[in-house]
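In what follows, a structure is listed as C-alpha cells, so that the remarks can point back to it.
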Amino acid sequence: MTVGELTRHAAPGLETAELLPWQTAQWSILATRLREDRLAHALLLTGPDGIGKRHLAELLAQALVCGARQPVGLPCGVCRTCLLYAAGTHPDVLRIAPEDDSRDIRVHQIRALSESVAKTAQLGGYKAVLVVPAERMTLAAANALLKTLEEPAPRSVLLLVSARPSALPATIRSRCQRLGFRPPSREDALAWIAGRLPEGIDAQLCLGLARGAPLEALWLAQSGALQQREEALRRLLGVFRAQVDPLEAARAWSTQAPVDVLAAIRGWLADIARLKAAARPPALDHPAAQSELQLIAKRLNWAALFGFTRRVDEAYSALRGSANPNVLLLLEALMLLWARLGETARATSGPSATNAARD
Ligand SMILES: [Zn+2]
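Shown next, in the form of C-alpha cells:
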C-alpha cells in the first residue's frame with residue numbers, strides 16, 4: 523500500500539502519538555467508543571486541509587492495534603505493535619492513497635483493501651485502514667468500497683479522511699459515521715506552532731498563508747514553500763512595475779509548482795480587494811506584503827482587479843482539472859495581461875501614484 527500523499531501534513535515537529543490540543547473533544551468520543559468496543563466500522567473524518575484529520579486517523583489506527591493503551595485511549599508508543607506501527611511495517615494497518623503520479627485512488631487499490639480486510643488480523647487485534655484523501659476515489663473504486671462497507675469484517679475499522687466530503691458518493695457517506703473537525707482559534711494555533719517553527723520564520727505570516735490551519739503552516743515553513751511564495755510575490759510585483767519580463771515569470775513558475783503559485787496569487791488578489799474596500803487597515807492574509815499590495819490596490823481599478831481575478835481562477839481550475847492544459851501558455855497569457863494592467867495603471871495614475879484612482 524502506498525503512503526503517497528500522506529506525507530504533506532506529517533510535519534516534522536509533530537510527535538506520532540501526540541494528541542493535538544484542538545482535537546481532544548473528538549478524541550475523547552472515539553476513546554470512549556473504543557473502550558466500550560462500540561466503535562463504528564467506518565468513520566468519515568471531515569474538515570479543512572491542514573488541521574490534523576489525517577494525524578488523528580493515524581493516532582486512532584495506532585490505538586486500535588496497540589497492545590497496552592493508556593487510560594485516555596492513546597497508544598502506549600512502546601509495545602511491540604506500536605514499534606511496528608512506528609516503523610511503518612505493522613501488517614494490520616493499511617494506507618490507501620493515490621499511487622505515484624496518479625491523482626486518483628483506483629479500483630485495484632480498493633479491491634486489494636477489501637481482500638486484506640476480509641482476512642483475520644495477523645497480530646490478532648484490530649485491522650485499521652486509512653483512505654486519504656477519500657474523495658480521490660474513482661467512481662469504480664467507490665463502488666468497490668461500498669461492498670466492504672455493507673458487509674464489514676469483524677474487528678476492522680475503515681478511516682476515510684476528506685476535506686471535500688461532498689465529492690464522495692452519498693451512498694459512501696451514509697454508511698460512515700461522520701466526525702467533523704474545525705481549525706483551532708488563532709491564539710491556540712499560534713501558541714502551538716510557535717515552538718515548532720524554524721528560527722527566523724514569522725508564525726503569524728505562516729498561519730495567515732495557511733488560512734489558520736496549523737499543520738499547513740508548519741509544512742509551509744519547513745518545506746521551502748514560504749520562500750517560494752516570497753519569490754513569486756516579488757515576480758508578480760516586478761511584472762506589474764515592468765521590472766520583470768512577464769514571459770520570464772511565467773517560465774519560472776511553469777517549472778515550479780504552478781498550482782501553488784496560482785493559489786498564492788489568488789490570496790494576494792483577495793488582499794488587494796480588501797485594501798481597496800477598507801477605510802481602515804483591514805486584516806490581511808499576507809500582512810508582511812501590505813505596503814506592496816497597497817500600491818497595487820491604489821493603482822488598479824475594480825474592473826481590472828475583478829477581470830484579472832477571474833482569469834486567475836479559471837487558470838487555477840484548469841490546472842487542477844483533468845484537461846491537461848499547456849501550463850506555460852496559460853501562465854504566459856496571465857502574466858502578459860498582468861503586465862498590460864500595470865502599464866495602463868501607470869499611464870492613468872502617473873509615476874507618483876499619489877492621486878491614485880479612488881474608483
Ligand atoms: Zn502500544
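Residue numbering for the sequence shown follows the numbering used here, beginning at 523 and increasing consecutively. Where a beta carbon is used, it is the ideal one built from N, C-alpha and C, also for glycine.
Nearest-angstrom Cα separation, counted from residue j out to residue i
{"i": "Glu-865", "j": "Ser-550", "result": "58 angstroms"}
{"i": "Ala-875", "j": "Arg-697", "result": "Unreliable positioning characterises Ala-875 in this predicted model, as indicated by a pLDDT of 42, which lies under 50. The coordinate reading is nonetheless provided below. Taking the straight line joining both Cα atoms gives about 59 angstroms."}
{"i": "Glu-752", "j": "Glu-657", "result": "31 angstroms"}
{"i": "His-808", "j": "Ala-819", "result": "14 angstroms"}
{"i": "Asp-623", "j": "Val-683", "result": "20 angstroms"}
{"i": "Ala-650", "j": "Ala-643", "result": "9 angstroms"}
{"i": "Leu-578", "j": "Leu-605", "result": "18 angstroms"}
{"i": "Ile-573", "j": "Arg-868", "result": "42 angstroms"}
{"i": "Glu-854", "j": "Phe-830", "result": "13 angstroms"}
{"i": "Ala-800", "j": "Ala-713", "result": "29 angstroms"}
{"i": "Tyr-838", "j": "Ser-636", "result": "36 angstroms"}
{"i": "Ala-634", "j": "Asp-724", "result": "44 angstroms"}
{"i": "Leu-851", "j": "Phe-828", "result": "21 angstroms"}
Supposed close pair residue i, residue j - CB separation, criterion 8 angstroms
{"i": "Ala-675", "j": "Val-639", "result": "5 angstroms"}
{"i": "Ile-632", "j": "Ala-663", "result": "5 angstroms"}
{"i": "Pro-768", "j": "Met-857", "result": "4 angstroms"}
{"i": "Pro-687", "j": "Gly-734", "result": "In fact, because the Cβ distance is near 20 angstroms, the residues do not count as touching under 8 angstroms."}
{"i": "Leu-758", "j": "Ile-787", "result": "6 angstroms"}
Residue i, buried or exposed, once every other Cβ within 10 Å from all chains shown has been counted against 16
{"i": "Arg-880", "result": "Here Arg-880 scores only 43 on pLDDT, less than 50, and its place in the model should not be relied on; the value that follows carries that caveat. Exposed, since its Cβ has fewer than 16 Cβ neighbours within 10 Å."}
{"i": "Arg-708", "result": "exposed"}
{"i": "Trp-824", "result": "exposed"}
{"i": "Gly-730", "result": "buried"}
{"i": "Val-594", "result": "exposed"}
{"i": "Gln-548", "result": "buried"}
{"i": "Glu-580", "result": "buried"}
{"i": "Ser-678", "result": "buried"}
{"i": "Leu-661", "result": "exposed"}
Residue i at chain D interface by Cβ criterion, 9 angstroms
{"i": "Pro-804", "result": "Absent from the structure: chain D. Only one protein chain is present."}
Jot down the residue ranges of each uninterrupted beta strand (DSSP E) in the stretch 549–625, minimum 3 residues, whole runs only, in chain order.
As far as the stretch 549–625 is concerned, its whole beta strand (DSSP E) runs of at least 3 residues are 564–568, 615–618.
Counting only runs of 3+ residues fully inside the stretch 698–756, write out the beta strand (DSSP E) ranges in chain order.
As for any beta strand (DSSP E) of minimum length 3 sitting wholly inside the stretch 698–756, the runs are 699–702, ordered along the chain.
Just list the alpha helix (DSSP H) runs in the stretch 643–685, keeping only unbroken ones of 4 residues or longer that don't cross its boundaries, in chain order.
661–672, all fully within the stretch 643–685.
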